[in-house]
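I have placed the structure first, in the form of structure tokens, so that the comments after it can refer back to it.
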Amino acid sequence: MSAPLPDSLPTRRHESAPDGERLGAAADRAALAADRIPPAGAKCAPALRPGQPWPLGASLAEDAGEGGVNFAVWAPDAEAIELCLFDAPGCEERHRLRLPACSEGVWHGFLPAGATGLVYGLRAHGPWAPQRGHWFNPAKLLLDPWAQEVVGSYGNQGPGAADDAALAARLAAFRAARDDDPCLPDLRDNAAFAPKARVPVPMATAGRPSRPRIPRDRTVLYEAHVRALTMRHPDLPPALRGSYAALAHPVMLEHYRALGITTLSLLPLHFRADEAALQRRGLANHWGYAPAAWLAPEPRYWSGRPGTTPADELAEAIDALHAAGFEVVLDVVFNHTAELDADGPLLSLRGLANARAYHLDPQDPARYRDWSGCGNAVNLGEPRLVELVMGALRHWATRYRVDGFRLDLAVTTGRDRRGHFDAGAALFAAIAADPLLARLKWIAEPWDLGPDGYRLGGFAPGWMEWNDRFRDTMRAWWLCAAGDRGAFAHRFAGSAAEFDHDRRAPTASINFLCAHDGFGLRDLVSHDHRHNAANGEHNRDGHAHNHSWNCGVEGPSDDPAVLALRARLQRALLASLLLAQGTPMLLAGDELGHSQGGNNNAYCQDNETTWLDWAGADRALLACAQRLLALRAAHPALRQAAWLRGPEHGEAASVRWLHPDGAELHAADWNEARERALAIVLHPPGHASRTSGHGVVSCAATSSPDAATSSPDAAAPARSVLLLINPAAEACRFRLPAGEWSAVFDSVRADGRPAPQPPGHATNPVEHTLPARAVLVLLESAQHHQES
């Protein structure tokens, strides 16, 4: 937790809380709620009434005209559920009250004395029969799956000392079965340090900024980790670094705006429980793919400012991003939970409804089907799990007003009870039918580790999908001298083979070079091999095949030739990503030249390995990325909502694929492995094309350097764009198509700005020689475009 802010950074106030209540009301009211409950041993212990079986979780309600809290817990195989009430810090268990009623598998009760801020946990009684999928153990306190706020944690909330005996003992107390005899339940009570739920304060949404609703063809995703993004930013107040509040600090807003991204794609923010094995090694699950409570925000990203809570701070940050015109897409993990495999902790769903919540091995129900690689797979063929996930999605969309979701290992979430994937699965159908959720952005990671788990292009219209084949093709094209013109063009044009069906658009393809898992851009051109020893897995984790190239030296180098080559390749790769059809996703830090030291699986590195090095940023590379994104925003030809059409469509053609000699590419040219250079002419939507002739080119920048990268709302007419692409190790001479062309981007230059030419320089009327491993982008002159 960060120190309180200095007086110069006042705490924000809640603009929509009831009765002007400040943002930190939930924290302040927790003690008041606990005080309403008589202490343990008191003569007047609270009594539960039957209440209602809906909504699930804890909710403010009235019963016979009296206010209180209704509790409803889905546990259809349990024999009894106990509600455990705690003091405000969650350390002292004051009462255990059996929920008095069960309706169709939902245990419920109404607590007249309950109020917001009340801290509680659950204990489940039922058969101990792992061989039948039941792990009931009332010695273990369970977290309500519908918890919106969490008190406490599972072990540490960050990196710590390795081999901590006290920590190891606490973690061991979460095991369902005994260490010495896994056939018997572990009877150690863990309530004193188990995570608990807190009854939340309802939040009104009136008066909050509206969602920007960026059209898909203008969307540029920026994948970022809340903590890693800002922990080392020198211009942020130290008390805010790494927090939700830092996301929307004016310094960060200016960076997003100057860079040209539209949409932050944030790694998971839900409450998590880091794996015991990591904690024992002194590490943490930095990425956050270990969910324990899908509706609750992770408190370790809270700044700790007095008078605020994690939930309030996150909501305010998203509001500020919306007010500045930026969207927020949230990575959500519904394919598995932090309860892992049979040796994992008993935290929530496993203790309440294990046999129904997870896909179990039909031959041995004590074991889990691990289609996530994380020990278990959530069973979204179960209607109550669909209800839980839909409740979580609606909660994030209403309480925090996120603009969309990226479903981690989305194939698992589309599997039925038997494990078969269906693009029309129950969860996907529910999303499509929901009037709020259906309007948001939906992104699938279209694979998992289960049978037939690779499903790129297999999701329904309305979904966008991470396109790993774009990643692999572009890496291999530039770094491994692999792939022909056909492979490059297919990915550059939006991957029609995968996405051009059911009236899906090119924007369905999320194009990326790098993501949180794998090499970042700088490491991609600096390492042939992974360097993951710091993860404690003997360098066996992470991908071994990365389509990377170290340019002759493994890791850091002071050789000017090596550094120049690496820089040129980064610029060419960025151009291939940011100028391609589809929806681009830029990994935060790639525009700065951040390196993770060759670690391509830094999931457990909450340190300077993953924290972006703002002070050491490559300013020229940043300027290059800014220039490319400004070009994309300003020129519709680079971000078309419809599929490209070739010359066979006559005046409706939107693309020409040319040989360096200026001729149209024909069948044999596409598969030529030795000669791969090509030119691409992109016409803006609705403009007629020309298919023959040669033109003139000026390799100088446009007369007004910013004219070619002006606002996309500028009144200037849309113009055609010419790209010259040479992946070879030797220079290539290009014959230019008809038109008058001006260079607006040159990957040979450190910042991408074409070199100015001396006065009186004569333009080459027909040809241009492009150096090795380079991309040159030219614009047709506005006058010539209008005349044509």
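So the sequence shown is numbered by the numbering used here: it starts at 2 and just counts up by one.
Just so you know, even glycine gets a beta-carbon here, dropped at the ideal spot from N, CA and C.
Treat the numbers as computed from the prediction; the structure is a model and nothing was measured.
### Query
Alpha carbon to alpha carbon, how far is K91 from R385?
Sequence inspection shows Gly at residue 91; the Lys mentioned does not correspond to that position. Distance between the alpha carbons of G91 and R385 is about 28 Å.
### Query
Residues bridged to W129 by DSSP?
In the DSSP assignment, W129 is bridged to W136.
### Query
Helix, strand or coil: how does DSSP classify T117 here?
coil
### Backbone CA spacing between G647 and W658 [nearest angstrom]
Each residue's alpha carbon lies about 8 Å from the other.
### Query
Is it right to say V791 is buried, meaning 16 or more other beta carbons lie within 10 angstroms of its own, or is it exposed?
Because the chain in this structure spans residues 2 to 789, residue 791 falls outside the shown range and cannot be described.
### Task
Just grab the DSSP bridge partners of C92 for me.
DSSP output for C92 lists no bridge partner at all.
### Task
Compute the Euclidean distance between the alpha carbons of A535 and C375, then round it to the nearest angstrom.
20 Å
#### Entry: Chain-order list of residues whose beta-carbon lies under 8 Å from that of A497 (same chain, five-residue window excluded)
Correct list, in chain order: H491, P507 and W644.
### Query
Going straight from the alpha carbon of R620 to that of S596, what length do you get?
15 Å
### Task
Identify every residue that forms a DSSP beta bridge with Y223.
L265 and L587
#### Entry: Nearest-angstrom Cβ-Cβ length linking G553 and S527, presumed shorter than 8 Å
That belief does not hold up - the Cβ atoms of G553 and S527 are roughly 10 Å apart, past 8 Å.
### Message
Let me confirm a value: N672 is counted as buried when at least 16 other C-beta atoms fall within 10 Å, else exposed. Which label applies?
### Response
exposed
### Message
If I measure Cβ to Cβ from A603 and keep anything under 6 Å in the same chain, skipping five residues before and after, which residues do I get?
### Response
Cβ within range, chain order: Q597, T610 and T611.
### Message
Could you check whether the Cβ of L457 sits closer than 7 Å to any heavy atom belonging to the ligand ATP?
### Response
Ligands are entirely absent from the displayed structure, and the ligand ATP is therefore not among its contents.
### Task
Consult DSSP for H548 and reduce its assignment to one of helix, strand or coil.
coil
### Task
Within its chain, find whatever has a CB closer than 6 Å to the CB of A316; leave out the 5 residues flanking it on each side and keep chain order.
Y401.
### Query
DSSP beta-bridge partners for T770?
For T770, which the question treats as bridged, DSSP gives the partners R734.
### Task
Grab the span of the alpha helix (DSSP H) containing A193 for me, first residue to last.
Note, A193: premise wrong, no alpha helix (DSSP H); not H, not E.
### Query
Between I432 and the rest of its own chain, which residues show a CB-CB distance below 8 Å, the 5 nearest in sequence each way excluded?
If we look at I432 and ignore the five residues flanking it on each side, its Cβ neighbours are M391, L394, L438, A439 and W443.
### Task
Could you tell me whether the Cβ atoms of V776 and L724 are closer together than 8 Å?
Going by C-beta atoms, V776 is nearer than 8 Å to L724.
### Task
Give the straight-line distance between the Cα atoms of A79 and L613, rounded to the nearest whole angstrom.
47 Å
### Task
Express the C-alpha separation of W303 and A247 in angstroms, rounding to a whole number.
10 Å
### Message
Please report the distance separating the alpha-carbon of N286 from that of V333.
### Response
15 Å
### First through last residue of the alpha helix (DSSP H) which encompasses F493
R486 to F493
### Query
In whole angstroms, what is the alpha-carbon distance linking Y245 and E255?
16 Å
### Task
Whole angstroms is fine: what's the gap from A367's alpha carbon to D181's?
The alpha-carbon atoms of A367 and D181 are separated by roughly 17 Å.
### Message
Strictly by DSSP, which residues pair up with Y359?
### Response
V379
### Query
For P239, is the classification buried or exposed, using 16 other Cβ atoms within 10 angstroms of its Cβ as the cut-off for buried?
exposed
### Query
Do three or more CB pairs link the segment 304-323 to the segment 343-351 at distances below 8 Å?
no
#### Entry: Extent of the continuous alpha helix (DSSP H) run through C625
That run of the alpha helix (DSSP H) goes R620 to A635.
### Message
Under 8 Å, with one C-beta from each stretch per pair, do the segment 109-120 and the segment 50-67 reach the 3-pair mark?
### Response
The segment 109-120 makes contact with the segment 50-67: 3 or more CB pairs, one atom from each, lie closer than 8 Å.
### Task
Could you tell me whether the Cβ atoms of P216 and H323 are closer together than 8 Å?
no
### Message
Beta-carbon within less than 8 Å of S721's beta-carbon, same chain only, minus the 5 sequence neighbours each way: which residues are those?
### Response
A638, V682, L683, H684, P685, H688, S690, G740, L780, E781 and H786
### Query
Leaving out the 5 sequence neighbours to the left and right, which residues in its chain are closer than 8 Å to N551 when beta-carbon positions are compared?
V526, S527, H528 and D529
### Message
Helix, strand or coil, according to DSSP, for Y455 in the structure here?
### Response
coil
### Query
What does a CB cutoff of less than 8 Å around A356 pick up in its chain, not counting 5 residues either side in sequence?
D78, R133, G134, H135 and P366
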